[in-house]
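The block underneath contains the structure these notes are about, expressed in structure tokens.
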Amino acid sequence: MGGVVRPFIAGQSVTVRTFLGRRLIKSNRLRIKPSRKGTYGAFTETVTSPGTGTVTVDVRHVETAQMVSLQASRDISVLDENVGFGSTGRFVELVQQRLAALHFYIPQTGVYDQGTGLAIDAYHRLLGRGTSQDLDSATIASLLDGVGSFKVLDPHDGTHVEGNLSDQLLALINGSSVYRIYPISSGKPSTPTVLGHFSVYERVPGYLPDGMYYSDFFISGYAIHGYDPAPDYPASHGCMRLPIVDAISVFNWLNYGDVVDVYYGA
Numbered sequence: 007m008g009g010v011v012r013p014f015i016a017g018q019s020v021t022v023r024t025f026l027g028r029r030l031i032k033s034n035r036l037r038i039k040p041s042r043k044g045t046y047g048a049f050t051e052t053v054t055s056p057g058t059g060t061v062t063v064d065v066r067h068v069e070t071a072q073m074v075s076l077q078a079s080r081d082i083s084v085l086d087e088n089v090g091f092g093s094t095g096r097f098v099e100l101v102q103q104r105l106a107a108l109h110f111y112i113p114q115t116g117v118y119d120q121g122t123g124l125a126i127d128a129y130h131r132l133l134g135r136g137t138s139q140d141l142d143s144a145t146i147a148s149l150l151d152g153v154g155s156f157k158v159l160d161p162h163d164g165t166h167v168e169g170n171l172s173d174q175l176l177a178l179i180n181g182s183s184v185y186r187i188y189p190i191s192s193g194k195p196s197t198p199t200v201l202g203h204f205s206v207y208e209r210v211p212g213y214l215p216d217g218m219y220y221s222d223f224f225i226s227g228y229a230i231h232g233y234d235p236a237p238d239y240p241a242s243h244g245c246m247r248l249p250i251v252d253a254i255s256v257f258n259w260l261n262y263g264d265v266v267d268v269y270y271g272a
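Residue numbering for the sequence shown follows our numbering, beginning at 7 and increasing consecutively.
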């Protein structure tokens, strides 16, 4: 982190002290360096926290004959990123918020639960990083930076669904705006999912005798539906399977006549 001092006066410095809670963890005296044109001064400090909590960075300059005194402070929340299934806390809440901001379907429970794992898996697929429900440092960095977006194939289809079989993802879309993204399991090689431009013609809530759950049929016997299992690879008889916990939210959003686009992405 760093700071800017205006105007720049040669030979001046600031004292930067860093606290974790009330405990002093670092103290440095830093020389103020001129900008390229000398119109202002700047300083930088590297801060690493030994634990979680509130880190306070306090910057002070004692008045000199050349420069008045100054003081500034900033609080930073340091969270534990070592989380897994069953974890709770502010970092889990942050992860869920960032996934939701990127339009992945995730009930924000504050618990690293099944819904969190499925959303993380879908995020990995979107980024082309395979399939995994675990967080690693690269995934955390991408989430915090807001990296990744579902590329809409046809924004002129209005309220519609797109199934990108390359990524094994389903997106609910309003025009060009993605509403929610879900992981799916499409047809296995021997029974592939039909490709093309279709529309929902039949809707069946609840379970069908073969285990299909909250089904939206879009051509012949092909449907978007919940099923157990819905693994992270193509395994169905041609339908686009959703995890059971995701099925009702998709069903509630869809309606008769909504367009269903199915394709392999570039």
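Glycine included, C-beta positions come from ideal geometry on N, C-alpha and C. As the structure is a prediction and not an experimental result, all values here were calculated from the model.
CA-CA distance, residue i and residue j?
i, j, result
"L159", "G202", "12 angstroms"
"P249", "M7", "43 angstroms"
"S155", "Q174", "14 angstroms"
"D234", "D252", "11 angstroms"
"V268", "L100", "32 angstroms"
"G263", "S205", "5 angstroms"
"L26", "V53", "11 angstroms"
"G152", "N88", "20 angstroms"
"N258", "L149", "28 angstroms"
"R104", "A147", "11 angstroms"
"T24", "P161", "50 angstroms"
"T165", "M218", "24 angstroms"
"V63", "A241", "53 angstroms"
"G169", "V266", "8 angstroms"
"N180", "D163", "8 angstroms"
"S182", "L108", "14 angstroms"
"K43", "I190", "55 angstroms"
"E69", "R29", "26 angstroms"
"V10", "V22", "13 angstroms"
"Y188", "D216", "22 angstroms"
"R135", "R12", "45 angstroms"
"G271", "H243", "21 angstroms"
"D142", "L171", "25 angstroms"
"G90", "Y118", "6 angstroms"
"L3", "L260", "The structure shown does not extend to residue 3, since the chain spans only 7 to 272, so no value can be given for it."
"K157", "F110", "14 angstroms"
"P273", "Y239", "The shown model of the chain, from 7 to 272, leaves out residue 273, and the question about it has no answer."
"V65", "A71", "19 angstroms"
"L214", "V167", "22 angstroms"
Would you give the residue range spanned by the alpha helix (DSSP H) that residue i belongs to?
i, result
"R131", "120–133"
"K250", "First, the residue type needs correcting, since residue 250 is Ile and not Lys in the sequence shown. 250–259 is the extent of the alpha helix (DSSP H) around I250."
"F97", "96–107"
"V191", "The question names Val, yet the displayed sequence has Ser at residue 191. Segment: none, S191 is in no alpha helix (DSSP H) and carries neither H nor E."
In chain order, what residues of the same chain have a beta carbon less than 7 angstroms from the beta carbon of residue i, not counting five sequence neighbours either side?
i, result
"A106", "I112, Q114"
"M73", "I15, Q18, H67"
"P40", "F14, G47"
"Q120", "V251"
"P237", "S191"
"R35", "S19, T21"
"T137", "D127, H130, R131, D238"
Given residue i, which residues of its chain have a CB within under 6 angstroms of its CB, disregarding the five upstream and five downstream residues?
i, result
"Q139", "G123, I126, D127"
"V61", "L26, S55, I82, V84"
"I230", "D222, M246"
"I31", "T24"
"Y185", "L178"
"F224", "F204, V206, V266"
"R37", "S19"
"Y228", "V200, G244, C245"
From which residue to which residue does the beta strand (DSSP E) around residue i run?
i, result
"Q77", "76–84"
"A241", "That residue, A241, is in no beta strand (DSSP E); it is neither H nor E in DSSP."
"I146", "Careful: I146 lies outside any beta strand (DSSP E), inside the alpha helix (DSSP H) at 143–151."
"K32", "29–37"
"G169", "165–170"
"R66", "59–67"
"D267", "265–269"
"G8", "8–11"
"R42", "Unbroken run through R42: none, as it is neither H nor E."
"V180", "Note on residue identity: the sequence assigns Asn, not Val, to residue 180. Element bounds for N180: 175–180."
"L159", "Per DSSP, L159 belongs to no beta strand (DSSP E) and is neither H nor E."
"S19", "19–26"
Whose C-beta lies closer than 8 angstroms to the C-beta of residue i among residues of the same chain, with five residues either side of it excluded?
i, result
"S226", "V200"
"S33", "T21, V22, R23, T24"
"Y3", "Nothing in the structure corresponds to residue 3, since the chain is present only between 7 and 272."
Practice task
Could you say if the stretch 67–82 and the stretch 125–144 meet the contact criterion of at least three C-beta pairs nearer than 8 angstroms?
Solution key: At 8 angstroms Cβ cutoff, the stretches do not touch.
Handout entry: Given 8 angstroms, three or more beta-carbon pairs between the stretch 164–183 and the stretch 233–249
Key = A contact exists between the stretch 164–183 and the stretch 233–249.
Exercise for the section: Inspect the CB distances between the stretch 46–56 and the stretch 94–102 and report whether three or more fall short of 8 angstroms. Expected result: no
Problem - Cβ pair count under 8 angstroms reaching 3, the stretch 179–196 against the stretch 204–218 - result: no
Handout entry: 3 or more residues per run - each beta strand (DSSP E) lying fully within the stretch 195–247
Key = 202–205, 208–213, 219–225, 228–232
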